[in-house]
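Below: the structure, in structure tokens.
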Amino acid sequence: MNSEILLSICIPTFNRAGYLKKTLGSITAQGDFDHRVEIVVSDNCSDDDTENVVSGFRKSFSNIRYHRNEHNIRDENFIQALSLGTGRYLKLLNDTAVFKPGCLSEMLQVIQQNLTDEPVLYFANGTNKARNGLEAYHDLNSFLRDVSFYVTWIVTIGMWKSHFDGIENKSKGIELNLVQTILLFNEIVERKKVVVDFREHFFVEEVKNKGGYNLIRVFVENYLGKILLNYLKSGEISHYVYFFEKIKLLRFFLMPWLLRLQKQDSDYKINTKGSMNILLKYYGFNPLFYILMIKLKTDLLIEKYFK
């Protein structure tokens, strides 16, 4: 490992050359993008201009590296991107995340302050409006209570290289499409110390023609019904936190997405096969589900006839 590199920004990407160009531009424009930082791009066999975009930046910056997979390895590319990093801390990053001015300096400070103990670091990116700054947690239950379903976003997640290299089966649960969340939760349960940076560091651009997976299956059946339920059964999270996580997921994530998907002019091509059966299985006994479904239909009618 190169001891001079403090932070590896690991970007898995596929056919998002235009977005990636903005991401790389926002990072390289930071005053602290120097020998302490590297960018690693893991290209999942794109057929667009991705390689040329990265090559353009590499002409000006020697601390940008590029790897191209011979074929699309789907979510394994998250693991691949992290594996390519050589810094003390490996930060997973969306290929659509734009760095805010000065945020790289803030991230480096957080990493530098925690080099000795190497607690789990989590960059909440302003998702909890009631908190702003750094806070420490010592269990998965209180952590999940305050950060909620945003633990599924790769922009929030990273890992110390020494911890990552020590994981025997890095791809455990890859079939659930949330391997980043599984890695994070396992780290928290093992380390029992988390530092959460609640400040906003990135702006994540909205992607058109997003798709390729079953949203309801991934976030309800896999996240709630498999990942969280396992930690509920083991006692790592409480029934109280699990119950309210179900409510928050429904109210603030699933319903807004369902509204988008129901619009006739929606750019989203997400698989919804079997979604209603899954929703009824997990929310069928909750009156809030039916209230929100009525609101969803009402909002669609208002948009159709009065806008």
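With our numbering, the residue at position 224 of the sequence shown is 1140, and numbering never jumps.
Here a beta-carbon is modelled for each residue, glycine too, at the ideal position from N, C-alpha and C.
Exposure of E986, with buried meaning 16 or more beta-carbon neighbours within 10 Å
In the sequence shown, the residue the question calls residue 986 occupies position 70. With fewer than 16 Cβ atoms within 10 Å of its Cβ, E986 is classed as exposed.
Can you name the start and end residues of the alpha helix (DSSP H) that F1159 belongs to?
Translated into the one-based positions of the sequence shown, residue 1159 becomes position 243. Taken as a continuous stretch (DSSP letters only), the alpha helix (DSSP H) holding F1159 covers H1155 to L1165.
Return helix, strand or coil for L1050, following the three-state DSSP convention.
Taking the sequence shown and counting its residues from 1, the one referred to as residue 1050 is at position 134. Correct three-state label for L1050: strand.
Whose C-beta lies closer than 7 Å to the C-beta of N1102 among residues of the same chain, with five residues either side of it excluded?
As a position in the sequence shown, residue 1102 is number 186, starting the count at 1. Same-chain partners within the cutoff: there are none.
Between Y1066, N1085 and L1020, which lies nearest to Y1139 when the distance is taken from Cα to Cα?
Taking the sequence shown and counting its residues from 1, one reaches residue 1139 at position 223. Looking at the Cα atoms, Y1066 is the closest of the given residues.
Decide if G1089 is buried, meaning its Cβ has at least 16 other Cβ atoms within 10 Å, or exposed.
Counting from one through the sequence shown, the residue named residue 1089 turns up at place 173. Around the Cβ of G1089, a 10 Å sphere holds 16 or more other Cβ atoms; the residue is buried.
Cβ shell of E920 (< 8 Å), same chain only, five flanking positions each side left out:
Along the sequence shown, read from residue 1 onward, the residue named residue 920 stands at position 4. When the five nearest sequence neighbours on each side are left out, the beta carbons in the same chain lying within less than 8 Å of the beta carbon of E920 are those of H951 and R952, in order along the chain.
Here's the rule: buried if 16 or more other CB atoms are within 10 angstroms of the residue's CB, otherwise exposed. What is K1213?
What you label residue 1213 is simply residue 297 of the sequence shown in a count that begins at 1. The residue is exposed, with fewer than 16 neighbouring Cβ atoms inside 10 Å.
Is A1013 helix, strand or coil when you go by DSSP?
Within the sequence shown, numbered from 1, the residue matching residue 1013 stands at position 97. Strand.
Residues of its chain near H1054, where Cβ-Cβ distance is below 8 Å and the 5 sequence neighbours each way are ignored:
Taking the first residue of the sequence shown as position 1, residue 1054 is located at position 138. Excluding residues within five positions, the ones whose Cβ falls inside 8 Å are K1108, K1109 and V1110.
Residues near F994 by beta carbon distance below 7 Å, same chain, minus five either side:
As a working mapping, residue 994 is identified with position 78 in the sequence shown. The answer, listed in chain order, is P928, L1008, I1070, V1095 and Q1096.
Can the beta-carbon of D964 be found closer than 8 Å to that of A933?
Against the sequence shown, residue 964 aligns to sequence position 48. Against the sequence shown, residue 933 aligns to sequence position 17. Closer than 8 Å, so yes.
Quick check: E1051 and V1112, are their CB atoms within less than 8 Å of each other?
In the sequence shown, residue 1051 corresponds to position 135, counting from 1. In the sequence shown, residue 1112 corresponds to position 196, counting from 1. Yes, the pair counts as a contact, with Cβ atoms nearer than the cut-off.
W1069 (DSSP reduced to helix, strand or coil)
By 1-based counting over the sequence shown, the position of residue 1069 is 153. In this structure, W1069 counts as coil in the three-state DSSP scheme.
Output the residue ranges of the alpha helix (DSSP H) runs that lie fully inside the segment 954–1033 and measure 4 residues or longer, sorted by chain position.
The segment 954–1033 contains these whole alpha helix (DSSP H) runs: 966–974, 992–1000 and 1019–1029.
Find out if the Cβ-Cβ distance for the pair L922, R990 is shorter than 8 Å.
Here residue 922 refers to the residue found at position 6 when the sequence shown is read from its first residue. Here residue 990 refers to the residue found at position 74 when the sequence shown is read from its first residue. No.
Looking at the secondary structure, which residues open and close the beta strand (DSSP E) in which S924 lies?
As a working note, residue 924 is residue 8 in the sequence shown. Run containing S924: L923 to T929, per the beta strand (DSSP E) assignment.
In the DSSP assignment, find the beta strand (DSSP E) that holds G934 and state where it starts and stops.
As a working note, residue 934 is residue 18 in the sequence shown. That residue, G934, is in no beta strand (DSSP E); its alpha helix (DSSP H) goes A933 to T944.
Tell whether a beta-carbon distance below 8 Å holds between I943 and L1056.
Counting from 1 along the sequence shown, the entry for residue 943 is found at position 27. Counting from 1 along the sequence shown, the entry for residue 1056 is found at position 140. Taking 8 Å as the Cβ cut-off, I943 and L1056 do not qualify as a contacting pair.
N1085 - DSSP class collapsed to helix/strand/coil:
The residue you call residue 1085 lines up with position 169 of the sequence shown. N1085: coil per DSSP, three-state reduction.
Taking C-alpha atoms, which residue in M1075, D1081 and C961 lies nearest to E1034?
Along the sequence shown, one-based indexing puts residue 1034 at 118. Nearest of M1075, D1081 and C961 to E1034, Cα basis: M1075.
Could you tell me whether the Cβ atoms of I1153 and L1144 are closer together than 8 Å?
Indexing the sequence shown from 1 puts residue 1153 at position 237. Indexing the sequence shown from 1 puts residue 1144 at position 228. Yes. Within cutoff.
Assign N1010 to one of two classes, buried (16 or more other C-beta atoms within 10 Å of its C-beta) or exposed (fewer than that).
Residue 1010 sits at position 94 when you count from the first residue of the sequence shown. Buried: at least 16 other Cβ atoms inside 10 Å.
Smallest Cα separation from L940: which of T1012, S1064 and S962?
Position 24 of the sequence shown, counted from the start, is the residue given in the question as residue 940. A check of alpha carbon separations from L940 across T1012, S1064 and S962 identifies T1012 as the nearest.
Cα-Cα separation between L1204 and M1192, rounded to whole angstroms:
For this step, residue 1204 is matched to residue 288 along the sequence shown. For this step, residue 1192 is matched to residue 276 along the sequence shown. Answer to the nearest angstrom: the Cα atoms are 15 Å apart.
Go to V1095, then tell me how far its alpha helix (DSSP H) extends in each direction, as first and last residue.
Counted from its first residue, the sequence shown places residue 1095 at position 179. From DSSP, the alpha helix (DSSP H) with V1095 extends over V1095 to R1107.
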